[in-house]
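Protein chains: 2
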Amino acid sequence: MENVKLLLERITSRANANLREFQFDTRTFVDNTIEFDKLAKFYCFYGITTRHPIYFHFKNSSMAGSYFLGKANVRQSCIYKSDIRGDELKRKGDILDKNNPLPLVDDEIFVITGSLLYKTLVHSKSHNPETPEEFTIRNTISAHYANIHGSTMEGCFLGPFATVDLMNLHSCVLGEFSYVQAQEFFHRKIDPGVVWIETDAFKFKFKHESAVLDKYIGVNEKYQPRGLIYEFVSEKEAEYERLFEVVDLEPIKVPASSAVNRYAVIKPKTEIGANVLISQRAYVENTKMGDGSNAQENTFIINSHLEGMCVTAHGGKIINAFIGLKTFVGFNCFLHGKKDAKLTIGKGCIIMPHTIIDIKEPLTIPKRHLVWGYITCADDLSKNSIPIDEINGFRGSQSIGDMTFTGSGESFVEAFSQRIEHILEANGAYCNQDGEMNGHAQDDQQISYNTLQPYRSGENAGMYPSIRISP
Amino acid sequence: MENVKLLLERITSRANANLREFQFDTRTFVDNTIEFDKLAKFYCFYGITTRHPIYFHFKNSSMAGSYFLGKANVRQSCIYKSDIRGDELKRKGDILDKNNPLPLVDDEIFVITGSLLYKTLVHSKSHNPETPEEFTIRNTISAHYANIHGSTMEGCFLGPFATVDLMNLHSCVLGEFSYVQAQEFFHRKIDPGVVWIETDAFKFKFKHESAVLDKYIGVNEKYQPRGLIYEFVSEKEAEYERLFEVVDLEPIKVPASSAVNRYAVIKPKTEIGANVLISQRAYVENTKMGDGSNAQENTFIINSHLEGMCVTAHGGKIINAFIGLKTFVGFNCFLHGKKDAKLTIGKGCIIMPHTIIDIKEPLTIPKRHLVWGYITCADDLSKNSIPIDEINGFRGSQSIGDMTFTGSGESFVEAFSQRIEHILEANGAYCNQDGEMNGHAQDDQQISYNTLQPYRSGENAGMYPSIRISP
Chain P
11 MENVKLLLER
21 ITSRANANLR
31 EFQFDTRTFV
41 DNTIEFDKLA
51 KFYCFYGITT
61 RHPIYFHFKN
71 SSMAGSYFLG
81 KANVRQSCIY
91 KSDIRGDELK
101 RKGDILDKNN
111 PLPLVDDEIF
121 VITGSLLYKT
131 LVHSKSHNPE
141 TPEEFTIRNT
151 ISAHYANIHG
161 STMEGCFLGP
171 FATVDLMNLH
181 SCVLGEFSYV
191 QAQEFFHRKI
201 DPGVVWIETD
211 AFKFKFKHES
221 AVLDKYIGVN
231 EKYQPRGLIY
241 EFVSEKEAEY
251 ERLFEVVDLE
261 PIKVPASSAV
271 NRYAVIKPKT
281 EIGANVLISQ
291 RAYVENTKMG
301 DGSNAQENTF
311 IINSHLEGMC
321 VTAHGGKIIN
331 AFIGLKTFVG
341 FNCFLHGKKD
351 AKLTIGKGCI
361 IMPHTIIDIK
371 EPLTIPKRHL
381 VWGYITCADD
391 LSKNSIPIDE
401 INGFRGSQSI
411 GDMTFTGSGE
421 SFVEAFSQRI
431 EHILEANGAY
441 CNQDGEMNGH
451 AQDDQQISYN
461 TLQPYRSGEN
471 AGMYPSIRIS
481 P
Chain B
11 MENVKLLLER
21 ITSRANANLR
31 EFQFDTRTFV
41 DNTIEFDKLA
51 KFYCFYGITT
61 RHPIYFHFKN
71 SSMAGSYFLG
81 KANVRQSCIY
91 KSDIRGDELK
101 RKGDILDKNN
111 PLPLVDDEIF
121 VITGSLLYKT
131 LVHSKSHNPE
141 TPEEFTIRNT
151 ISAHYANIHG
161 STMEGCFLGP
171 FATVDLMNLH
181 SCVLGEFSYV
191 QAQEFFHRKI
201 DPGVVWIETD
211 AFKFKFKHES
221 AVLDKYIGVN
231 EKYQPRGLIY
241 EFVSEKEAEY
251 ERLFEVVDLE
261 PIKVPASSAV
271 NRYAVIKPKT
281 EIGANVLISQ
291 RAYVENTKMG
301 DGSNAQENTF
311 IINSHLEGMC
321 VTAHGGKIIN
331 AFIGLKTFVG
341 FNCFLHGKKD
351 AKLTIGKGCI
361 IMPHTIIDIK
371 EPLTIPKRHL
381 VWGYITCADD
391 LSKNSIPIDE
401 INGFRGSQSI
411 GDMTFTGSGE
421 SFVEAFSQRI
431 EHILEANGAY
441 CNQDGEMNGH
451 AQDDQQISYN
461 TLQPYRSGEN
471 AGMYPSIRIS
481 P
């Protein structure tokens, strides 16, 4: 165990060096999080397909329970029960900017150095135009169920359930359950529960009240997650264990155009339509997944019906709900209907990332609404939503409830619509019978997994031998 | 599949080039053996322990269902359901020859190039003083259940159930069920069923009659194995499949000093004593494995009792038998007692490799006997055995039944005794409570397995991505 302890020492000291202006000591989190015996117990797995470039090299690292797809280079890092999913990495020859049509010189690759990623999702691609071929995560520590959806990420701490989306962060602290999608931050500390989307054209900002965070998702004095959302997720964790105990599970019967990852939990009474993608560590129970819908990593969809073309972004939770056609449920949303208090969401809605809906009476959200914040009843809904067509007319500054919006509403709607279309397309929702418009749902089907083991004993226990996989 | 077909083309053409003087076309064997869909289906596995040097590098190869332990470098080869077991490879600094005490410059490594190993066991270490750090297998094709127990092996074809032991072979054909342990052969064709042990001091030779081979182990016109021994082995093959379907099996309860490989089949009513080693692809049913006994790869031990310190060499089969203390059962022996016709073998016996005992009446072999050939009754026994103490006095040439012996009986007995002691020691039979005298039984306990997957589709289907594993 000596070497894995030394590794974590080094990671915390580097992260602390990056964050010294905030006097933020990452050791509090790390010392209370890592269970060393588990590092020496769980295998990691690397997906082999013919559709994705293969290159995997790690050295001096611990990677218990983690999944990797695509090209990755990992050094001096501890990646625990995390998903490093490279199916959106750019390819050699891709052109990023039509105005500056320089093709990429190489396939994009994850380069993870000196970092601790704990139950974290890593997806998407680098949004750093300075290093388009490299999805960089360096000297960074991320906590339970954080989402790193784009890079560069250097010298950062991401609290539990924090999301950083399509942007770069340098020497930043993200509070628990905060969401940022704001191009590039340097040396900032983001408060817990902030939802912040900003481009040159607009800015959307909301912040959950601390009482809401206390109830749903906070941290204790040991910087460990607590609250209803964490309890909900923790209760289900045992369900995943069995998936790791067998090599080949009996495949779930689904249409030929759909992919159910063998590390997803599919419980009884689940129906899966065509062009559906269910990713690893997704949990689906007693639910109808309509054609073209998806359930991404760490999502929970229970007793629900997704009508079709519905996106459930990483970490989204949908319980006792009907979700209308082409509705988008953002990162880490917690949509908690009850058996006798169904949540009904109309078609074409956008549920902003990190939205909490927890109702005791039935609630219906009309079609084409933008929804954010914290909603427990119809009254909350009126202060936390707006028809999308109305935003289209926004100019200047607006406030609705605790949300502030500045800039062009039209650009905002346009950006979201494009993104949802992109997600549906990338996930294979539009795949046709001729196999055109293939996406992840189709490309991920013929996947098999290399399982790679740690040292079990001695000073290297918990570390992995170096491995290099190439075509 | 194109690339794996090309690979096999290349392997056969190289082997044929080495064997052209015999006009032996390995294509007959290869074309009728390989089931291409299986090459793209089965994973291979690499053992990770803290007791064995780690280095595994393969390129341009197919390795479905195969197991590797220790250092290995594999190129341009197809290794199918084979065990490449490197726990006896030499280590850096080892001194081979006390009269010439030069330490090895590096750990010994398997170097397998341009070869097809089909359901083959590879074990032991290089016996080539020219390349002591390299266990070489080049341009070689081995058939079902062949044993390559030592190298160098270049440009050879080994028929089904053939064994090459502690020696080097260059451009040789070994007939089915032949056994050779004779230092070094160049450009020879060995008849089926030959058992040939030769050193500077003695020569032991026996040849099974063709009628016996016809009944127990022969090949058909497609060079595929047939006969009772092959049928016996084939019937049990399905039992192994389940072992490959789970990641972690409930461990079998055994004394702390014993190792049961998780890829061994252990059926009910089996008792396992202390310091016992049961290797992968061993099959043990309703049997008492006395202290210090072992069951090596491809052994079957059924309805039997091994008193203790018994060696069952690779491929040995023991059914309805009692095996006395410190008795040695050689490679690929088929000792077939019946429920109402028990086979009893006294202590300290040596059952020569490739011996067939198939009885209808009970048979007892007295203690300290050397046994060989084909035995169906007491009369056969008298022509196929001799008290070991009697051999001790042999000088010059002797014949007993179809066996001929030349040279020093004392050297022969001495060599075998030393070897059996070495095997027991290497396997950990003498391990004490202080953990001294550790061997494979102890070193192999904390093993875990990397499972590595082939390409499943496309032109590379059946091939594996390149992988390099290092400490």
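Here the protein sequences line up with chains P and B, keeping their order. Basically the working numbering = 1-based index in the first sequence + 10. Basically the working numbering = 1-based index in the second sequence + 10. Idealized CB from N, CA, C, for every residue including glycine. Predicted, not measured: the structure shown is a model, and the values here were computed from it.
DSSP places E144 of chain B in no alpha helix (DSSP H) but in the uninterrupted beta strand (DSSP E) bounded by 144-148. Taking the beta carbon of N470 of chain B as reference, the chain P residues within 9 Å of it are T60, P481, listed in sequence order.
Using a CB distance cut-off of 8 Å, I64 of chain B counts as an interface residue toward chain P. Within chain B, no C-beta atom comes nearer than 9 Å to that of Q306 of chain P; the closest sits roughly 24 Å away. M163 of chain B has B:I147, B:L179 as its beta-bridge partners, per DSSP.
Shown here is that no member of the region 429-446 of chain P has a Cβ falling below 8 Å from a Cβ of chain B. Secondary structure at F171 of chain P: coil, using DSSP grouped into helix, strand and coil.
Within its own chain, the residues whose Cβ lies closer than 6 Å to the Cβ of A471 of chain B, once the five positions on either side in sequence are excluded, are M11, A50, Y465, listed in chain order. L223 of chain B sits in a helix when the DSSP states are folded into three classes. Taking 7 Å as the Cβ-Cβ cut-off, the region 445-467 of chain P approaches chain B at Q456, S458, Y459, N460, T461, L462, Q463, Y465, R466, S467, given in chain order.
Contact of V256 of chain B with chain P is assigned, a C-beta pair being separated by under 8 Å. Taking a cut-off of 8 Å on C-beta distances, the region 204-211 of chain P does not touch the region 384-402 of chain P, as fewer than three cross pairs fall below it.
Using a Cβ-Cβ cut-off of 8 Å, I477 of chain B counts as an interface residue toward chain P, since at least one Cβ of chain P sits closer than that to its own. When the Cα atoms are used, R378 of chain P and V84 of chain B turn out to be separated by approximately 59 Å. In the DSSP assignment, the residues bridged to W206 of chain P are P:V190, P:K215. For R37 of chain P, no beta strand (DSSP E) run applies; the uninterrupted alpha helix (DSSP H) run containing it begins and ends at 37-43, by DSSP. In this structure, T146 of chain P keeps its C-beta atom at 8 Å or more from the C-beta atom of D453 of chain P. Between the region 424-431 of chain B and the region 222-240 of chain B, the count of Cβ pairs shorter than 8 Å is below three; the stretches do not touch.
The region 28-39 of chain B and the region 87-99 of chain B do not touch, with fewer than 3 CB-CB distances between them shorter than 8 Å. With contacts defined as CB atoms closer than 8 Å, E295 of chain P and K277 of chain P qualify as a contacting pair. 8 Å or more divides the Cβ of N42 of chain B from the Cβ of F171 of chain B.
Minimum Cα-Cα distance from K263 of chain P among the listed residues P:V243, P:S244, P:V256, P:A284 corresponds to P:A284. Here N26 of chain B is not bridged, per DSSP, to any residue. Spatial neighbours of G445 of chain B in its own chain (CB-CB distance under 8 Å, excluding positions within 5 residues in sequence) are listed in chain order as Q452. H133 of chain P and E307 of chain B have their C-alpha atoms spaced approximately 44 Å apart. Following the DSSP letters along the chain, one finds Q408 of chain B inside the beta strand (DSSP E) bounded by residues 407-410.
Collapsing the DSSP output to three states places Y459 of chain P in a strand. Rounded to the nearest whole angstrom, the CA to CA distance from G103 of chain B to S458 of chain P is 40 Å.
Taking the C-beta atoms as reference points, I288 of chain P is found no nearer than 8 Å to N313 of chain P. Relative to S392 of chain P, the option among P:P376, P:I239, P:G406, P:F404 whose CA is nearest is P:P376. The alpha carbon of L29 of chain B has as its nearest neighbour, out of B:T386, B:S303, B:L168, the alpha carbon of B:L168.
A straight-line Cα-Cα distance of about 14 Å links I369 of chain B and W382 of chain B.
The DSSP-derived three-state label of L353 of chain B is strand.
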